[in-house]
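Asks:
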Amino acid sequence: MMIFRPVRPRSKVVTRTRFVAYRSPLILALMFAAPAHAAPDDRLTVAAVGAIAGSPARGVTEREITFGSVVPLSGANKESGRLLKLGIEAAFNRANEAGGVHGRMLRLAVADDGYDPNRTLDAMKQLYEKEQVFGFVGSFGTATAAVAIPYALERRVLFFSPYTGANVTRHDPPDRYVFNYRPSYSEEADALVRYLVKLRRVPPRQIALFAQDDSFGDAGFAGVAKAFRTLGLNDAAILRANYVRNTVDVEPAINQLKAQKTPVRAVIMVATSRAAAKFIEKAHAALPGVIFVNVSAVGASALANELTLLGPRYAAGVVVTQAVPAVSGYSSLVLEYKASLAKHFPGEPPDYTSLEGYIEASILVQALKRTGPQLDTERLIETLESMRNIDLGLGALLNFGPAEHQASHKIWGTALDETGAYQAIELE
448 MMIFRPVRPR SKVVTRTRFV AYRSPLILAL MFAAPAHAAP DDRLTVAAVG AIAGSPARGV
508 TEREITFGSV VPLSGANKES GRLLKLGIEA AFNRANEAGG VHGRMLRLAV ADDGYDPNRT
568 LDAMKQLYEK EQVFGFVGSF GTATAAVAIP YALERRVLFF SPYTGANVTR HDPPDRYVFN
628 YRPSYSEEAD ALVRYLVKLR RVPPRQIALF AQDDSFGDAG FAGVAKAFRT LGLNDAAILR
688 ANYVRNTVDV EPAINQLKAQ KTPVRAVIMV ATSRAAAKFI EKAHAALPGV IFVNVSAVGA
748 SALANELTLL GPRYAAGVVV TQAVPAVSGY SSLVLEYKAS LAKHFPGEPP DYTSLEGYIE
808 ASILVQALKR TGPQLDTERL IETLESMRNI DLGLGALLNF GPAEHQASHK IWGTALDETG
868 AYQAIELE
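Position one of the sequence shown corresponds to residue 448 (the working numbering), numbered consecutively onward.
#1: Could you check where the beta strand (DSSP E) with residue 643 kicks off and where it finishes?
#2: Could you say which of 838, 867 and 811 lies nearest to residue 554 if we only look at CA atoms?
#3: Specify, as a first and last residue, the run of the alpha helix (DSSP H) that residue 726 falls within.
#4: How big is the Cα-Cα spacing for residue 835 and residue 719?
#5: May I ask you to list the residues that DSSP assigns as paired with residue 858?
#6: I'd like the ranges of any alpha helix (DSSP H) spanning at least 4 consecutive residues and lying wholly in the segment 535–591.
#7: How is the alpha helix (DSSP H) around residue 752 delimited, first residue to last?
#8: Taking the alpha carbon of residue 792 as the point to measure from, which residue in 628, 508 and 530 has its own alpha carbon closest?
#9: May I ask which residues mark the beginning and end of the alpha helix (DSSP H) holding residue 871?
#10: Beta-carbon within less than 6 Å of residue 797's beta-carbon, same chain only, minus the 5 sequence neighbours each way: which residues are those?
#11: At which residues does the beta strand (DSSP E) containing residue 649 begin and terminate?
#12: Leaving out five residues before and five after residue 815 in sequence, what residues of the same chain have Cβ atoms less than 6 Å from its Cβ?
#13: Is the number of C-beta pairs between the segment 837–848 and the segment 725–739 that are closer than 8 Å three or more?
#14: In angstroms, rounded to a whole number, what distance separates the CA positions of residue 616 and residue 854?
#15: Count the other CB atoms, across all protein chains shown, that sit within 10 Å of the CB of residue 859; report buried if there are 16 or more and exposed otherwise.
#16: Below 6 Å CB to CB, which residues in the same chain sit around residue 641 once its five sequence neighbours on both sides are set aside?
#17: Quick check: the segment 509–516 against the segment 583–603, are there 3 or more CB pairs under 8 Å?
#18: In angstroms, rounded to a whole number, what distance separates the CA positions of residue 695 and residue 721?
#19: So that I know if they touch, is there some Cβ in chain D lying closer than 8 Å to that of residue 676?
#20: Taking all protein chains shown into account, do 16 or more other C-beta atoms lie within 10 angstroms of the C-beta of residue 691, making it buried, or fewer, making it exposed?
#21: Would you kindly work out how many angstroms separate the C-alpha atoms of residue 832 and residue 806, rounded to a whole number?
#22: Specify the secondary structure class of residue 610 as computed by DSSP and reduced to three states.
#23: May I have the straight-line CA-CA distance separating residue 878 from residue 772, to the nearest angstrom?
#24: Buried or exposed: where does residue 870 fall if 16 or more other Cβ atoms within 10 Å of its Cβ makes it buried?
#25: Look at the Cβ atom of residue 663, then the Cβ atom of residue 717, and state whether they are nearer than 8 Å.
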């Protein structure tokens, strides 16, 4: 929503500046510290500088802190965007119930880019320039992050915990204003390759990759190749079959895999939920007996819903790595999340994507509390980089540092049963 603010006449601005100046002890000191021969306007300029220096940070008022998130609320991935937003809001609502952070309520402003990087920059501008957000949290996607991050870095604005495991958010040394909660796609791919080779006994040459034809898919492919090399395997012969982002056109990929002389026994999938479900549906007939394994960005619940509609045989045995613990579990954090979800969004079932949004927002709330009432971006960054052994009740400690801007390296394994429910599995 566009917000129009009236432009104040110049005289009123000057009057307000003088009002602030004469009521601030610091500014009075600055004024009287000016040379005695300084003109009144010069003294006012000194005072104005002091007033500006004491101004609150962008997006921060006495009563509120506003964060922004760019997610798909339209298009093929709108459900994942909705769930991520919902999880963040559940954590913010819980904090606000307890009085906010140092008396300030937390607000989330959201802009829809439809998971289209051509729309991401406009969405970022809407949040930064019109909504005047303090920072960004939980933005969705890899190709979209490649557009959003340079915009945030140029303005030295926090870009916290985007929903991607790609290297674009994980530079070495890390970008000062970019922090991640989740493990990288490289770590997830490594876990899946080891699972297939060591536990499922799939020969490496019979493992293929189904991937989105963009930087998201590239990140997954790089992770699989790295995992092959780590295991001493030849990564040159990895078969990659692509599909186009925001489509479910999987026929070319199916035909490519069918044409292989060596039968494919397992497919690592770096895809979004609808494309992944369509691929599994088509592959059941074309590639019988194939093992399907997915990285967490597929959107676990959305994938389960799609496959359940197709029938039990399509869901059973599909593996998904997770960046969060089982939503059916009883860890302290999961119980807290489900209680907040039930209270603020009654009828909304627990979900892996919304749980991830809840976790990343909970880390951010802790950092804001530790930073104190005098909030600005640089203080918050320093706080984040000092946070060690963060215990949210996940069963795994989280850590940040000046050279470590990824809090978690923990990966959980799950597999769908015939009812479309996820069950925990061991990955190694």
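For every residue, glycine included, the Cβ atom is placed at its ideal position computed from N, Cα and C. All figures in this text were calculated on a predicted structure; none of them were measured in a lab.
Replies: Per the coordinate set shown:
#1: Premise fails: residue 643 is in no beta strand (DSSP E) and is neither H nor E.
#2: Distance from the Cα of residue 554 is smallest, within the candidate group 838, 867 and 811, for 811.
#3: DSSP places residue 726 in the uninterrupted alpha helix (DSSP H) bounded by 720–733.
#4: Cα-Cα distance, rounded: 33 Å.
#5: For residue 858, no pairing in a beta bridge is given by DSSP.
#6: At a cut-off of 4 residues, the continuous stretches assigned as alpha helix (DSSP H) that sit fully inside the segment 535–591 are 564–572.
#7: According to the DSSP assignment, residue 752 belongs to the alpha helix (DSSP H) that extends over 747–757.
#8: Looking at the Cα atoms, 530 is the closest of the given residues.
#9: Element bounds for residue 871: not the alpha helix (DSSP H) but the beta strand (DSSP E), 869–872.
#10: Cβ within range, chain order: 774 and 785.
#11: Counting along the chain, residue 649 falls outside any beta strand (DSSP E), and DSSP gives it neither H nor E.
#12: The residues are 548.
#13: Because the criterion of three Cβ pairs below 8 Å is not met, the segment 837–848 and the segment 725–739 do not touch.
#14: In a straight line, the C-alpha of residue 616 is about 13 Å away from that of residue 854.
#15: Counting other Cβ atoms within 10 Å of its Cβ, residue 859 reaches 16 or more and is therefore classed as buried.
#16: Around residue 641: 875.
#17: At 8 Å Cβ cutoff, the stretches touch.
#18: Answer to the nearest angstrom: the Cα atoms are 7 Å apart.
#19: Structure shown: chain D not included; a single protein chain is present.
#20: Per the 10 Å Cβ criterion, exposed.
#21: When rounded, the distance between both Cα atoms is 18 Å.
#22: It is a strand residue.
#23: Nothing can be reported for residue 878: it is not among the residues displayed for the chain, which extend from 448 to 875.
#24: Under a 10 Å Cβ-count criterion, residue 870 is classified as exposed, with fewer than 16 other Cβ atoms of the shown protein chains found around its own Cβ.
#25: Judged by beta-carbon spacing, residue 717 lies within the 8 Å limit of residue 663, meaning their Cβ atoms are closer than that value.
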